[in-house]
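Participant: Adding 41 to a residue's 1-based position in the sequence shown gives its number in my numbering.
Please find one structure pasted underneath; my questions will follow.
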Amino acid sequence: MPPIHNLPTELLSEIFLYYIRACAFNGVPYEWLQLMLVCRLWKDTFKSPEFWTECAIGRNSDALLVALERSGRRMISIDGSLTWPPYTLQTVADHVLLIQSHQHRIRSLNLVITGVLMRTWRTQMTQLESLSLQNKPWAWETAKLTQFLSPTLQKLELKCFTWTAVEPLLVGNLQELTLVKGSLEPIRMEELLAALAKMPSLRRLRIDWDQTDPVNDLARVALPRLESISGCVYQPQELYYLLFVDAPAIRHARFSFRPPVICSLQTALSCMEDILSVIAKNCDLHTARFYPPNDEELHVTFSNVLPRPEVLSKGIHLEFATKPHQAFSILTGEMGDLFETIHVYEGGAVWDCADWRSVAMGHNMCNVRELHLQGSAVKLLPYGLDHLSFSGRYPRIFESLELLSLDDPALIPHERALDKSTKTEFIHHLIESLEHHSRAHQNDPTSTIGSQFCVIFKKGWEMEAEDMEVMRGLGANVTREVEEDSSEHALRP
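Shown next as structure tokens:
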């Protein structure tokens, strides 16, 4: 094995970053004297003032002292916990004294603190650009946070403080705001909207906090620069404020819905309807991707590309902690008219809803042009493409459907078939759907419902040549794609 200093520079950099992040995560001070002996790259890095501008405070104040000394009077960022336990009261007091005595060099604070400590914080932090405070042990601290108010403050994140403590920091120069429930009492809607109205520069917003019932005569709030909104929703009341917010430039939303909000999911989605419609328009969204990671969750991404949700900058990502079919039914009912392309992935669950018609019945999904189903998701269409009809009429679920793509479909034999063919239940009903619409087109040649559309099979199942010819005779363009390595098959939204 070659000595470590002979490794490529890129690999040495990765090892170094891994060690530094591990120290920060575990609250362990750097063994910087030993690390300086590894190679010149690490030695030069440790001697660089820029390296010491990020400080993770731990079990003693040595790390902060070293950072203040070696950063060369540069502005620094501090991350860590000022609670006891696990740290002693003396350790916490030492950290606080150092921070306050060097407040003019503190650019960012990301701290877990206690209410007692916060009330003893006397020094005004005049140079803060970013502040993240989490109150512990969840005492719903009521003391105001004015000592952290800075004319340069742009990013604010507060967890477990009351509205009384939070409100003084909601100033006009904020660009990013996160408020996580600070008490058992909801925020008065009038006060929240008044605070938002004072922050026209907001670009990112997250409010995980109940609000009082909306009042019809409340004035709307304009947030002209708002680009992104997010939240973890437990009650629909946490979204009431969205009914009164105008955000013409918004282009990203990410929400996670957790019990008990699932019981009133339609109410929650109705609060978001206007915001989601604006995002869809601004980003020209037309593709919905449904992915169940397990039998108790459904992730939905509205994006014309396929990035990971955590790096999604344009589009909508929603996560539902409920049976996939339940969230699927509600979401397609509320937002079905926005879809042009639908991808339903198999994921870690097996789709087993009664039928797609129970989802689409009464909902207009006339804009859907492409439907892509993977694996067991084909069960969403157990009776073909039609609504159930007892009157002899067979209206399509998707009036504008042009392409049906089946990726490794989980098809089962057609039990009522009298011959010995391998025709499946799904193919049987798909052919019936084509027959219904072919007859409708013959009776009314001007109708578009009998126009040709494509059926594509990817992987897995071999279609009978006879069935393929029957479908082609009814106006369908049936093809089979053979892919050696389908990246789309392995990807998840």
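Every residue gets a Cβ at the ideal spot worked out from N, C-alpha and C, and that includes glycine.
Would you check if the distance between the CB atom of V496 and the CB atom of I472 is smaller than 8 Å?
Facilitator: The residue you call residue 496 lines up with position 455 of the sequence shown. The residue you call residue 472 lines up with position 431 of the sequence shown. Contact flag unset, no.
Participant: Look at the Cβ atom of N176, then the Cβ atom of L194, and state whether they are nearer than 8 Å.
Facilitator: Numbered from 1 along the sequence shown, position 135 holds the residue referred to as residue 176. Numbered from 1 along the sequence shown, position 153 holds the residue referred to as residue 194. Cβ distance not < 8 Å, so N176 and L194 don't count as in contact.
Participant: Any idea what DSSP makes of Y60, helix, strand or coil?
Facilitator: Within the sequence shown, residue 60 is the residue found at index 19, counting from 1. Secondary structure at Y60: helix, using DSSP grouped into helix, strand and coil.
Participant: Considering only the alpha carbon of each residue, which of Q216, E231, V274, R295 lies closest to L265?
Facilitator: By one-based count along the sequence shown, residue 265 stands at place 224. At residue 265 the sequence reads Pro, which differs from the Leu that was named. Per the Cα distances, Q216.
Participant: Determine the DSSP secondary structure at D336, reduced to helix, strand or coil.
Facilitator: In the sequence shown, counting from the first residue as 1, residue 336 sits at position 295. Coil.
Participant: If V319 and P300 are in contact, beta carbons under 8 Å, what's the gap, nearest whole angstrom?
Facilitator: The sequence position of residue 319 within the sequence shown is 278, counting from 1. The sequence position of residue 300 within the sequence shown is 259, counting from 1. The Cβ separation is near 28 Å, so there is no contact.
Participant: Label G514 either buried or exposed according to how many other C-beta atoms from any shown protein chain fall within 10 Å of its C-beta, with 16 as the threshold for buried.
Facilitator: Here residue 514 corresponds to residue number 473 of the sequence shown, with the count starting at 1. Looking at its Cβ environment, which holds fewer than 16 other Cβ atoms inside 10 Å, G514 is exposed.
Participant: Relative to the C-alpha of M116, which candidate in Y128, H145, L105 has its C-alpha closest?
Facilitator: Within the sequence shown, residue 116 is the residue found at index 75, counting from 1. The shortest Cα separation from M116 among Y128, H145, L105 belongs to H145.
Participant: Identify, in the order they occur along the chain, each residue of the same chain with its Cβ nearer than 6 Å to the Cβ of K200, setting aside the five sequence neighbours on each side.
Facilitator: The residue given as residue 200 occupies position 159 in the sequence shown. If we look at K200 and ignore the five residues flanking it on each side, its Cβ neighbours are Q175, V221.
Participant: Between F361 and V107, what straight-line distance do the alpha-carbon atoms span, to the nearest angstrom?
Facilitator: Locating residue 361 in the sequence shown gives position 320, where the first residue counts as 1. Locating residue 107 in the sequence shown gives position 66, where the first residue counts as 1. About 46 Å.
Participant: Could you spell out the range, first to last residue, of the beta strand (DSSP E) harbouring E522?
Facilitator: Taking the first residue of the sequence shown as position 1, residue 522 is located at position 481. It spans 517 to 522 - the beta strand (DSSP E) in which E522 sits, taken as one unbroken run.
Participant: So, do the segment 277 to 286 and the segment 312 to 331 have three or more beta carbon pairs nearer to each other than 8 Å?
Facilitator: Short answer: they touch.
Participant: Looking at R163: is its Cβ nearer than 8 Å to the Cβ of Q188?
Facilitator: Start at 1 with the first residue of the sequence shown, and residue 163 comes out as number 122. Start at 1 with the first residue of the sequence shown, and residue 188 comes out as number 147. The answer is yes: Cβ separation under 8 Å.
Participant: Are the beta-carbon atoms of L218 and L190 separated by less than 8 Å?
Facilitator: If you number the sequence shown from 1, residue 218 lands on position 177. If you number the sequence shown from 1, residue 190 lands on position 149. Contact: no.
Participant: If you check the beta carbons only, do R229 and T253 fall under 8 Å apart?
Facilitator: Stepping through the sequence shown from its first residue, residue 229 is reached at position 188. Stepping through the sequence shown from its first residue, residue 253 is reached at position 212. Yes, these two residues count as a Cβ contact at 8 Å.
Participant: Could you say which of K500, P227, A236, T86 lies nearest to Y275 if we only look at CA atoms?
Facilitator: Taking the sequence shown and counting its residues from 1, one reaches residue 275 at position 234. The shortest C-alpha separation from Y275 is found at P227.
Participant: Tell me whether S305 sits in a helix, a strand or coil according to DSSP, three-state version.
Facilitator: Here residue 305 refers to the residue found at position 264 when the sequence shown is read from its first residue. If DSSP states are grouped into helix, strand and coil, S305 belongs with the helices.
Participant: DSSP puts N176 in a beta bridge; with which residues?
Facilitator: Along the sequence shown, read from residue 1 onward, the residue named residue 176 stands at position 135. N176 pairs with I154.
Participant: On the criterion of 16 or more Cβ atoms from any shown chain inside 10 Å, does R349 qualify as buried, or is it exposed?
Facilitator: By one-based count along the sequence shown, residue 349 stands at place 308. Classified as exposed, R349 has fewer than 16 neighbouring CB atoms from the shown chains inside 10 Å of its CB.
Participant: Can you check which of these residues, S479, A481, A451, is closest to F467 by C-alpha distance?
Facilitator: Along the sequence shown, read from residue 1 onward, the residue named residue 467 stands at position 426. Closest by alpha carbon: A451.
Participant: Quick one: what's got a C-beta closer than 6 Å to S446's C-beta in the same chain, skipping five residues either side?
Facilitator: In the sequence shown, residue 446 corresponds to position 405, counting from 1. H413, I497.
Participant: Can you tell me the Cα-Cα spacing of S271 and T382, whole angstroms?
Facilitator: Walking along the sequence shown from the start, residue 271 turns up at place 230. Walking along the sequence shown from the start, residue 382 turns up at place 341. S271 and T382: Cα-Cα distance of roughly 24 Å.
Participant: What distance in whole Å lies between the Cβ atoms of L372 and R410, which are believed to be in contact at a cut-off of 8 Å?
Facilitator: One-based indexing of the sequence shown puts residue 410 at position 369. One-based indexing of the sequence shown puts residue 372 at position 331. Not a contact, Cβ separation roughly 19 Å.
Participant: Quick one: is E55 buried, meaning 16 or more other Cβ sit within 10 Å of its Cβ, or exposed?
Facilitator: Taking the first residue of the sequence shown as position 1, residue 55 is located at position 14. Looking at its Cβ environment, which holds fewer than 16 other Cβ atoms inside 10 Å, E55 is exposed.
Participant: Quick check on this structure: which residue in N335, K322, G374, D336 has the alpha carbon closest to the alpha carbon of I357?
Facilitator: Taking the first residue of the sequence shown as position 1, residue 357 is located at position 316. Measuring from the Cα of I357, the nearest candidate turns out to be K322.
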